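So in numbering that gives the first Met the number 0, the last one in the sequence shown is 94, and the numbering has no gaps at all.
The C-beta atom is built at its ideal place from N, Cα and C for all residues, glycine as well.
Note that the structure is predicted; figures quoted are calculated from it, not measured.
I have placed the structure first, in the form of structure tokens, so that the comments after it can refer back to it.
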Amino acid sequence: MPNRQTTTEAQTFAVNLRVRSDIRTLIDRAAQAQGKTRSDFMIDAARRAAEESLLDQALVRVDLQTYEHFMEVLDRPPGGEGFERLMAAAKPWHS
Numbered sequence: 000m001p002n003r004q005t006t007t008e009a010q011t012f013a014v015n016l017r018v019r020s021d022i023r024t025l026i027d028r029a030a031q032a033q034g035k036t037r038s039d040f041m042i043d044a045a046r047r048a049a050e051e052s053l054l055d056q057a058l059v060r061v062d063l064q065t066y067e068h069f070m071e072v073l074d075r076p077p078g079g080e081g082f083e084r085l086m087a088a089a090k091p092w093h094s
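Rendered as structure tokens:
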């Protein structure tokens, strides 16, 4: 029986990018600041950007009653105990 390779999460694939020298230097500085390799830094950044892009495209379908309730909640003026605590908290930009 032939040996068939299956794709697993641990399997990695090469991705080649060409960037200007100044961008590479910037990436290297940021990676070093986070204690990561250039590859790990770029993979993390690309993964986060991909997730955010896909989440921005998410479509949530709800029935009319749920939609109207959601819009009513959004239109309410802020208030409540949490809001009052937030407004009473010290503002670091006011010294």
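Query	Result
Straight-line gap, Phe12 to Ile42 (C-alpha atoms, nearest Å)	12 Å
Beta-carbon separation (whole angstroms), Ala48 vs Phe40, contact threshold 8 Å	The Cβ separation is near 13 Å, so there is no contact.
Residue interval of the alpha helix (DSSP H) (run including Thr11)	Where Thr11 is concerned, there is no enclosing alpha helix (DSSP H), given that its DSSP letter is neither H nor E.
Arg84 in three-state terms, based on DSSP	helix
Cβ neighbours of Glu71 in the same chain (closer than 7 Å, five flanking residues each side left out)	none
Residue from Tyr66, Glu80, Asp21 with nearest C-alpha to Asp74	Tyr66
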